[in-house]
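A quick write-up on the structure given underneath.
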Amino acid sequence: MGTIIAGAVFGNALVIVSVVRHRKLRILTNYYVVSLAFADLLVALGAMTFNAIVSVTDGRWPFNDFLCDLWNSLDVYFSSASIWHLCCISVDRYYAIVRPLQYPTSMTQRTVLCTLFWLWSLPLLISFLPIFAKWYTTDEHQRHRRAHPEECSFVVNQYYVILSSSFSFWIPGVIMVLMYYKIYKEAVRQRKALSRTSSNIILNSIHQHRSQHPYHYRNRLHPIDAELYAQINSASTSTSSSATMDIRKIAAVTLNANGTGVALALAPALALARAPSFKTINSNFRGLPSSL
Numbered sequence: 142m143g144t145i146i147a148g149a150v151f152g153n154a155l156v157i158v159s160v161v162r163h164r165k166l167r168i169l170t171n172y173y174v175v176s177l178a179f180a181d182l183l184v185a186l187g188a189m190t191f192n193a194i195v196s197v198t199d200g201r202w203p204f205n206d207f208l209c210d211l212w213n214s215l216d217v218y219f220s221s222a223s224i225w226h227l228c229c230i231s232v233d234r235y236y237a238i239v240r241p242l243q244y245p246t247s248m249t250q251r252t253v254l255c256t257l258f259w260l261w262s263l264p265l266l267i268s269f270l271p272i273f274a275k276w277y278t279t280d281e282h283q284r285h286r287r288a289h290p291e292e293c294s295f296v297v298n299q300y301y302v303i304l305s306s307s308f309s310f311w312i313p314g315v316i317m318v319l320m321y322y323k324i325y326k327e328a329v330r331q332r333k334a335l336s337r338t339s340s341n342i343i344l345n346s347i348h349q350h351r352s353q354h355p356y357h358y359r360n361r362l363h364p365i366d367a368e369l370y371a372q373i374n375s376a377s378t379s380t381s382s383s384a385t386m387d388i389r390k391i392a393a394v395t396l397n398a399n400g401t402g403v404a405l406a407l408a409p410a411l412a413l414a415r416a417p418s419f420k421t422i423n424s425n426f427r428g429l430p431s432s433l
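Each number in the numbering used here corresponds to the 1-based position in the sequence shown with 141 added.
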């Protein structure tokens, strides 16, 4: 127990000192973080310390009845304050991510300070007030405490259970779930939008690069187109204009069948093709119709 208390005190104190000492960390969101760290620090010092004392004394309460109620009140108070701090942090993140245009006007310094005031004030209504007024427990438990002052137990009635659990757990818990669910949906939407934008940028870049450097891609043809291109070059010795038109027809049909590189392969083919006759060239292209 002592190790847990020391770790909680050191960790939360380190958070507070880090935000106070570094100017870049002094943002509105970290107001909630510092306040949360302070609440957790007080949980370790105010509530867990009494728990450690009871553990050392084998369950016996060495103090009076007032300190017993104080211990129970501090435990409920700081725990409720911590949970509501987490809830406010989720709301702050919701406005920052889902509604960024409304964030500067909604989360002002005045708004944050007023929120912190209520975060520390409202838990008093379910901690110190009902516990010291004895509204939280049953008559039987009060008689038991008077008969056994060496015990400091925390037995509550059903009305206080409903009130405290709703205020300290269910209401802030539901709010946090809704806020983070909406943040998750927004993150998924932005990721899809970013993916579409990146794809469009890549496609536009490829199209622009190809339009600026068309002959750069003649060596990147389909394997069949590359073979056709090589056959045209190897068969080119000399030809007439009619043979050139025949070569154009053969190359166009073959390349269109492959679906790639029509314009890129025709230009060098027509420029270099000088075959002796159409039949000689046609024999080099196996599988093409001889009627072309």
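Using N, Cα and C, we set each Cβ at its ideal position, and we do this for glycine too.
Exercise. Determine the direct distance from the alpha carbon of glutamate 327 to that of tyrosine 300, and round the result to whole angstroms.
Key: Taking the sequence shown and counting its residues from 1, one reaches residue 300 at position 159. Taking the sequence shown and counting its residues from 1, one reaches residue 327 at position 186. Rounded to the nearest angstrom, the two C-alpha atoms are 39 Å apart.
Exercise. Could you tell me whether the Cβ atoms of valine 239 and isoleucine 312 are closer together than 8 Å?
Key: On the sequence shown, position 98 is the one that residue 239 refers to. On the sequence shown, position 171 is the one that residue 312 refers to. No, the Cβ-Cβ distance between valine 239 and isoleucine 312 is not below 8 Å.
Exercise. In the DSSP assignment, find the unbroken alpha helix (DSSP H) run with glutamine 299 in it and report its ends.
Key: Start at 1 with the first residue of the sequence shown, and residue 299 comes out as number 158. Glutamine 299 -> alpha helix (DSSP H) spans 299–306.
Quiz item: Can you tell which of Trp276, Asp233 and Ser247 has the C-alpha that lies nearest to the C-alpha of methionine 320?
Solution: For the purposes of this step, residue 320 is identified with residue 179 of the sequence shown, where counting begins at 1. Checking every option, the nearest Cα to that of methionine 320 belongs to Asp233.
Self-check item: Environment of histidine 226 [buried if 16+ CB atoms lie within 10 Å]
Solution: As a first step, residue 226 is located in the sequence shown; it is residue number 85 there, counting from the start. Buried: at least 16 other Cβ atoms inside 10 Å.
Exercise. Would you kindly check if the distance between the Cβ of aspartate 199 and the Cβ of asparagine 153 is under 8 Å?
Key: If you number the sequence shown from 1, residue 153 lands on position 12. If you number the sequence shown from 1, residue 199 lands on position 58. No, these two residues do not count as a Cβ contact at 8 Å.
Quiz item: Counting pairs of beta carbons, one from the segment 204–214 and one from the segment 280–300, are three or more of them closer than 8 Å?
Solution: yes
Quiz item: According to the neighbour-count rule (16 or more other Cβ atoms, all chains shown, within 10 Å of its Cβ), is cysteine 228 buried or exposed?
Solution: Along the sequence shown, read from residue 1 onward, the residue named residue 228 stands at position 87. Buried is the call here.
Self-check item: aspartate 206 (DSSP reduced to helix, strand or coil)
Solution: Taking the first residue of the sequence shown as 1, we reach residue 206 at position 65. Of the three classes helix, strand and coil, the one that applies to aspartate 206 here is helix, per DSSP.
Self-check item: Status (buried if at least 16 other CB within 10 Å, exposed otherwise) for isoleucine 168
Solution: Against the sequence shown, residue 168 aligns to sequence position 27. Result: exposed.
Quiz prompt | Nearest to serine 176 (by Cα), restricted to the options Ser307, Arg284, Ile157 and Met317 | solution = Translated into positions along the sequence shown, residue 176 becomes position 35. Of the candidates Ser307, Arg284, Ile157 and Met317, the one whose C-alpha sits nearest the C-alpha of serine 176 is Ile157.
Exercise. Could you pull the start and end residues of the alpha helix (DSSP H) that tryptophan 311 belongs to?
Key: To locate residue 311, count along the sequence shown from 1; it is residue 170. Here tryptophan 311 belongs to no alpha helix (DSSP H), and DSSP marks it neither H nor E.
Practice problem: Would you give the residue range spanned by the alpha helix (DSSP H) that glutamine 243 belongs to? | Solution: Residue mapping note: residue 243 aligns to position 102 of the sequence shown, counting from 1. Per DSSP, glutamine 243 belongs to no alpha helix (DSSP H) and is neither H nor E.
Practice problem: With DSSP as the reference, label threonine 256 as helix, strand or coil. | Solution: Position 115 of the sequence shown, counted from the first residue, corresponds to residue 256. Reduced to three states, the DSSP call for threonine 256 is helix.
Quiz item: In whole angstroms, what separates the C-alpha of serine 223 from that of phenylalanine 191?
Solution: Sequence index remark: in the sequence shown, residue 223 carries index 82 (1-based). Sequence index remark: in the sequence shown, residue 191 carries index 50 (1-based). Going by the C-alpha atoms only, they are around 19 Å apart.
Quiz item: First and last residue of the alpha helix (DSSP H) that includes serine 159?
Solution: If you number the sequence shown from 1, residue 159 lands on position 18. Segment 143–162, the alpha helix (DSSP H) holding serine 159.
Practice problem: Sort Ser306, Leu335 and Ala334 by Cα distance to serine 220 and report the nearest one. | Solution: Within the sequence shown, numbered from 1, the residue matching residue 220 stands at position 79. The candidate whose alpha carbon is nearest that of serine 220 is Ser306.
Exercise. Using three-state DSSP, classify arginine 201 as helix, strand or coil.
Key: As a position in the sequence shown, residue 201 is number 60, starting the count at 1. Three-state DSSP puts arginine 201 in coil, outside helix and strand.
Quiz item: How big is the Cα-Cα spacing for arginine 164 and histidine 285?
Solution: One-based indexing of the sequence shown puts residue 164 at position 23. One-based indexing of the sequence shown puts residue 285 at position 144. Whole-angstrom Cα-Cα distance: 54 Å.
Quiz item: In chain order, what residues of the same chain lie with their CB nearer than 7 Å to the CB of valine 297, ignoring the 5 residues before and after it?
Solution: The residue given as residue 297 occupies position 156 in the sequence shown. These residues qualify, in order along the chain: Tyr277 and Thr278.
Quiz item: For leucine 304, which residues from the same chain have a beta carbon less than 7 Å from its beta carbon, with the 5 sequence-adjacent residues on both sides left out?
Solution: In the sequence shown, residue 304 corresponds to position 163, counting from 1. So the list reads Ile267, once near-sequence residues are dropped.
Practice problem: Tell me whether the beta-carbon of serine 231 lies closer than 8 Å to the beta-carbon of isoleucine 145. | Solution: As a position in the sequence shown, residue 231 is number 90, starting the count at 1. As a position in the sequence shown, residue 145 is number 4, starting the count at 1. The answer is no: Cβ separation not under 8 Å.
Practice problem: Could you have a look at alanine 178 and say whether DSSP puts it in helix, strand or coil? | Solution: The residue labelled residue 178 in the question sits at position 37 within the sequence shown. Helix, per DSSP.
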